[in-house]
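In full-length UniProt numbering, the protein residues as written are 1 to 124.
Note that the Cβ used here is the ideal one computed from N, Cα and C, for glycine as well.
Structure first, commentary second.
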Amino acid sequence: MHVQVHKRIVKQNEQHKRRVDKHRKRVVFKERDFVWIHLRRERFPAGKFEKLQPRANGPFKFLQRINDNAYKIELPGEYNVSGTFNVADLSPYYNDEADSRVNISQGGGDDVESESAVFDFSAT
1 MHVQVHKRIV KQNEQHKRRV DKHRKRVVFK ERDFVWIHLR RERFPAGKFE
51 KLQPRANGPF KFLQRINDNA YKIELPGEYN VSGTFNVADL SPYYNDEADS
101 RVNISQGGGD DVESESAVFD FSAT
């Protein structure tokens, strides 16, 4: 009887692990990578987290991988919180130096409107 119950529990645990792992965030950061930190109200001092502020802050330098779920981040002294974060609160930072045009067929250069694109609606 106990053996059957134990087998059933092990089987249920394996099924649960498979379901949960489907939604698990699998991110591995390398040392000296930059990351965004998801801000949670309970983690930061009063005044640092306000209603209309962005929910992510950064980029911050990744210092050390503690385990699969925990990473140590280099935070400025003004934050006054631990620099250890769960991987769920971190997002990779991608440098925005690349061309940010939506469509690659768009013309390059500055954003000055060309004269051919300006319409005169006062003539109608």
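On the premise that Arg32 lies in contact with Arg61, defined as a C-beta separation below 8 angstroms, what is that separation, rounded to the nearest angstrom?
Contrary to the premise, residue 61 reads as Lys rather than Arg in this sequence. Distance from Lys61 to Arg32 at the Cβ level is roughly 6 angstroms; contact confirmed, criterion being Cβ atoms closer than 8 angstroms.
For Lys17, would you say it is in contact with chain C, using Cβ-to-Cβ distances shorter than 7 angstroms as the test?
Here there is only one protein chain, and chain C is not present.
Identify the continuous beta strand (DSSP E) that holds Arg19 and give its terminal residues.
Annotation for Arg19: no beta strand (DSSP E) segment contains it, though the alpha helix (DSSP H) segment containing it runs His2 to Lys22.
For Asn95, which residues from the same chain have a beta carbon less than 6 angstroms from its beta carbon, with the 5 sequence-adjacent residues on both sides left out?
Closer than 6 angstroms at Cβ, skipping near neighbours: no residue.
At the level of alpha carbons, what is the spacing between Gln64 and Gly77?
18 angstroms
Quick one: what's Leu90 bridged to in DSSP?
Ile37
Cutoff 7 angstroms; reference Asn69; Cβ partners in own chain excluding five residues on either side
Asn86 and Val87
Whole-angstrom distance between Trp36 and Ser91, CA atom to CA atom
5 angstroms
Are there 16 or more other CB atoms within 10 angstroms of the CB of Leu75, so buried, or fewer, so exposed?
buried
Reference Ile73, options Arg55, Arg18, His38 and Glu14, closest by Cα:
His38
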